[in-house]
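Written out below as structure tokens is the structure these notes cover.
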Amino acid sequence: MKTHQAVIIDDESPAREVVAEYLEDVDWIGVAGSFGNPHKALTFLEKNQVDLLFLDIRMPQMSGFELVDQLDTLPHIVFSTAYDEYAIRAFDINAVDYLLKPYTKKRFLEALKRVRQIAGDNNQQKRIRA
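Following this note's numbering, the numbering of the sequence shown begins with 17 at its first residue and continues without gaps.
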């Protein structure tokens with residue numbers, strides 16, 4: 017039974033397809049949406065509550081960090097990017113994991129283990145705005 021819902025946000029179609037393919041074998045996560053355009057993803061996230069984001073960092077229209085800054089409620093986040101220089105900033109916003117492209121299915125599943133450990137029954141992190 018799919019108890020958690022994820023959204024995939026990456027401007028590269030092959031990267032989104034890899035995440036969706038890897039999630040097919042995961043019985044507790046369903047894909048609520050997959051977006052190549054972060055603005056469309058943001059519109060979806062404003063209207064729909066999800067548990068997990070698979071999020072690229074460098075995208076032409078808006079960075080993954082800019083997207084996260086606009087969310088009132090933060091789902092758990094697994095960054096998926098080709099750039100290692102953003103890792104510290106990712107963990108500063110409490111990312112669950114940081115997948116460096118290209119990654120293996122084994123590494124992807126390790127990230128999901130972390131998500132499952134952290135998620136428990138508390139699916140959302142409430143963001144407090146200053």
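Yeah, the Cβ is synthetic: ideal placement off N, Cα and C, and Gly gets one too.
query, result
"For Leu-71, three-class secondary structure by DSSP", "strand"
"Beta-carbon proximity list for Val-35, same chain, < 7 Å, skipping 5 on both sides", "Ile-24, Phe-70, Ser-96"
"Length of the line joining the Cα atoms of Tyr-102 and Gly-80", "11 Å"
"Rounded distance between the beta-carbons of Phe-124 and Glu-38, thought under 8 Å", "One point to set straight first is that residue 38 is Tyr, not Glu, in the sequence displayed. 5 Å between Cβ atoms; contact."
"Rounded C-alpha distance that separates Leu-83 from Asp-26", "12 Å"
"Buried or exposed by the 16-neighbour rule on C-beta atoms within 10 Å, applied to Val-54", "Residue identity check: residue 54 is Pro in the sequence provided, not Val. By the neighbour-count rule (16 or more Cβ atoms within 10 Å), Pro-54 is buried."
"Where the beta strand (DSSP E) through Tyr-38 begins and ends", "Element bounds for Tyr-38: not the beta strand (DSSP E) but the alpha helix (DSSP H), 29 to 39."
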